[in-house]
Amino acid sequence: MTTTPLRLGTRGSALALTQSQTVADELTAATGRPVELVPIVTRGDTSSAPVAELGVGVFVSALRDALLAGEIDIAVHSYKDLPTTEHPRLHIGAVPRREDPRDALVARDGKTLADLAPGALIGTGAVRRIAQLRSLGLELQVTPIRGNVDTRIARVLGPRADLDAVVLAHAGLARLGRTAEITETLDPMLMLPAPAQGALAVECRAGDADLVETLAALDHAPTRSAVLAERALLATLEAGCAAPVAAYARLVRGGHAGSTFGDGPGEEMIHLRGAVISPDGVRAIRLSRTGTPASAAEIGKALAADLLDAGADTLMGSTE
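Okay, here's the thing in structure tokens:
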């Protein structure tokens, strides 16, 4: 067994470092091999422009460049940030067990969405969240924001707070140990998550057979299947991570809804819900499909086709 540390590339934010350290610890526990983190700055970290303007892959291209150049051995990404097109020279060696994929509200005075008064100012960085918040008819003022978790929460709970609430990914708050600040975990019936939200992708070079085999120890097959279905929908719609597209795949056993992670007895099926919402929230198309985990990609493609048949392409092309 080699004792040479594996070099794990990661973004340098507190959240990225935390989730990458978790992967490093799991990899060491599974293989006995030490892992060192290598922070890498991406264009998304240095730009203050809205993510929708920066384009798909803005948080991953620098990590992939370092991987291809041999500067790191593996890279950890938030799976939702990856382009849907597979890279010919790279391989997703592991999709670890997914964190809670739902969105979460952090509001002043412990309020829920229903508690917020008309005109309350709520911040979020995602076009998908903005569109769904507007579709609820709560007369909230929604404003796009950027920044790390600390920065966003400070805009609600800090001494210079200028927002009534923010919407963040539950997964990020859980990984940072900040779930106590959540005032409401949003039901997917109200706020459908982004495709692959809460999931990580551990990537290596496709030609590194030993590392491909090593990373397999971290793979969680139910999570991979769910994420595959969600991302197949996104790819078929030809929509990027900043488009007003939402998808959520759950594993269902014995005809009853189970966890996203596929625990428990009974026959396993995937239930996938997808939605496309106009940016102004006025129009939305929401549909679902069910199938076996082995057909995860086909389920996603078929549901995307259903959404397109129902006019989803006109919603994605809508402007405010």
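The sequence shown begins at 1 in the UniProt record's numbering and counts up by one. By construction, the Cβ of each residue, glycine as well, lies at the ideal position given by its N, Cα and C atoms.
Return the CA-CA distance between residue i and residue j, expressed in angstroms with no decimal places.
{"i": "residue 311", "j": "residue 280", "result": "16 Å"}
{"i": "residue 65", "j": "residue 212", "result": "18 Å"}
{"i": "residue 167", "j": "residue 87", "result": "31 Å"}
{"i": "residue 121", "j": "residue 90", "result": "42 Å"}
{"i": "residue 268", "j": "residue 253", "result": "5 Å"}
{"i": "residue 103", "j": "residue 185", "result": "6 Å"}
{"i": "residue 12", "j": "residue 36", "result": "13 Å"}
{"i": "residue 271", "j": "residue 214", "result": "30 Å"}
{"i": "residue 131", "j": "residue 69", "result": "39 Å"}
{"i": "residue 158", "j": "residue 170", "result": "20 Å"}
{"i": "residue 152", "j": "residue 126", "result": "13 Å"}
{"i": "residue 261", "j": "residue 304", "result": "Note on residue 261: pLDDT 44, under 50, position unreliable in the model; no value is reported."}
{"i": "residue 101", "j": "residue 291", "result": "20 Å"}
{"i": "residue 295", "j": "residue 162", "result": "46 Å"}
{"i": "residue 77", "j": "residue 99", "result": "14 Å"}
{"i": "residue 299", "j": "residue 289", "result": "7 Å"}
{"i": "residue 82", "j": "residue 97", "result": "17 Å"}
{"i": "residue 115", "j": "residue 174", "result": "24 Å"}
{"i": "residue 244", "j": "residue 190", "result": "14 Å"}
{"i": "residue 7", "j": "residue 160", "result": "39 Å"}
{"i": "residue 63", "j": "residue 92", "result": "13 Å"}
{"i": "residue 109", "j": "residue 309", "result": "44 Å"}
{"i": "residue 183", "j": "residue 176", "result": "16 Å"}
{"i": "residue 5", "j": "residue 19", "result": "18 Å"}
{"i": "residue 192", "j": "residue 228", "result": "17 Å"}
{"i": "residue 208", "j": "residue 111", "result": "50 Å"}
{"i": "residue 27", "j": "residue 297", "result": "27 Å"}
Looking at the unbroken alpha helix (DSSP H) that takes in residue i, where does it start and where does it end?
{"i": "residue 298", "result": "296-309"}
{"i": "residue 124", "result": "Element bounds for residue 124: not the alpha helix (DSSP H) but the beta strand (DSSP E), 121-124."}
{"i": "residue 394", "result": "Because the chain here runs from 1 to 320, residue 394 falls outside it and cannot be looked at."}
{"i": "residue 286", "result": "Unbroken run through residue 286 is the beta strand (DSSP E), 284-291; no alpha helix (DSSP H)."}
{"i": "residue 18", "result": "14-31"}
{"i": "residue 78", "result": "That residue, residue 78, is in no alpha helix (DSSP H); its beta strand (DSSP E) goes 74-78."}
{"i": "residue 64", "result": "61-68"}
Please confirm whether residue i and residue j have their CB atoms less than 8 Å apart.
{"i": "residue 239", "j": "residue 316", "result": "yes"}
{"i": "residue 307", "j": "residue 277", "result": "no"}
{"i": "residue 201", "j": "residue 84", "result": "no"}
{"i": "residue 94", "j": "residue 216", "result": "yes"}
{"i": "residue 223", "j": "residue 206", "result": "no"}
{"i": "residue 107", "j": "residue 164", "result": "yes"}
{"i": "residue 301", "j": "residue 232", "result": "yes"}
Taking the alpha-carbon of residue i as reference, which of the options has the nearest alpha-carbon?
{"i": "residue 39", "options": "252, 33, 79 and 15", "result": "15"}
{"i": "residue 10", "options": "273, 67, 26 and 29", "result": "67"}
{"i": "residue 73", "options": "22, 210 and 237", "result": "210"}
{"i": "residue 80", "options": "289, 250, 230 and 293", "result": "230"}
{"i": "residue 225", "options": "314, 207 and 250", "result": "250"}
{"i": "residue 274", "options": "196, 216 and 203", "result": "196"}
{"i": "residue 181", "options": "97, 23, 105 and 32", "result": "105"}
{"i": "residue 22", "options": "137, 218 and 243", "result": "218"}
{"i": "residue 146", "options": "123, 128 and 164", "result": "123"}
{"i": "residue 220", "options": "111, 107, 141 and 293", "result": "293"}
{"i": "residue 178", "options": "150, 187, 189 and 165", "result": "150"}
{"i": "residue 119", "options": "109, 143 and 75", "result": "143"}
{"i": "residue 60", "options": "24, 282, 203 and 25", "result": "203"}
{"i": "residue 31", "options": "282, 17, 192 and 3", "result": "3"}
{"i": "residue 139", "options": "282, 287 and 314", "result": "282"}
{"i": "residue 17", "options": "297, 41, 208 and 137", "result": "41"}
{"i": "residue 141", "options": "29, 172 and 113", "result": "113"}
{"i": "residue 137", "options": "297, 29, 117 and 26", "result": "117"}
Which two residues bound the contiguous beta strand (DSSP E) that contains residue i?
{"i": "residue 91", "result": "90-94"}
{"i": "residue 112", "result": "Here residue 112 belongs to no beta strand (DSSP E), and DSSP marks it neither H nor E."}
{"i": "residue 323", "result": "Residue 323 lies beyond the stretch modelled for the chain, which goes from 1 to 320, so this question has no answer here."}
{"i": "residue 98", "result": "It is not in any beta strand (DSSP E) - residue 98 carries neither H nor E in the DSSP assignment."}
{"i": "residue 82", "result": "Looking at the DSSP string, residue 82 is not in any beta strand (DSSP E), and its letter there is neither H nor E."}
{"i": "residue 315", "result": "Per DSSP, residue 315 belongs to no beta strand (DSSP E); it is in the alpha helix (DSSP H), 312-316."}
{"i": "residue 41", "result": "Neither: residue 41 is in no beta strand (DSSP E) and is coded neither H nor E."}
{"i": "residue 216", "result": "Taken as a continuous stretch (DSSP letters only), residue 216 belongs to no beta strand (DSSP E), as it is neither H nor E."}
{"i": "residue 268", "result": "268-277"}
{"i": "residue 253", "result": "245-253"}
{"i": "residue 10", "result": "6-10"}
Any beta carbon from chain C within less than 8 Å of residue i's own beta carbon?
{"i": "residue 113", "result": "Considering every chain present, this structure includes no chain C. It has just one protein chain."}
**Q.** Residue ranges of each beta strand (DSSP E) within the region 125-209, 3 or longer
**A.** 141-144, 165-169 and 200-205
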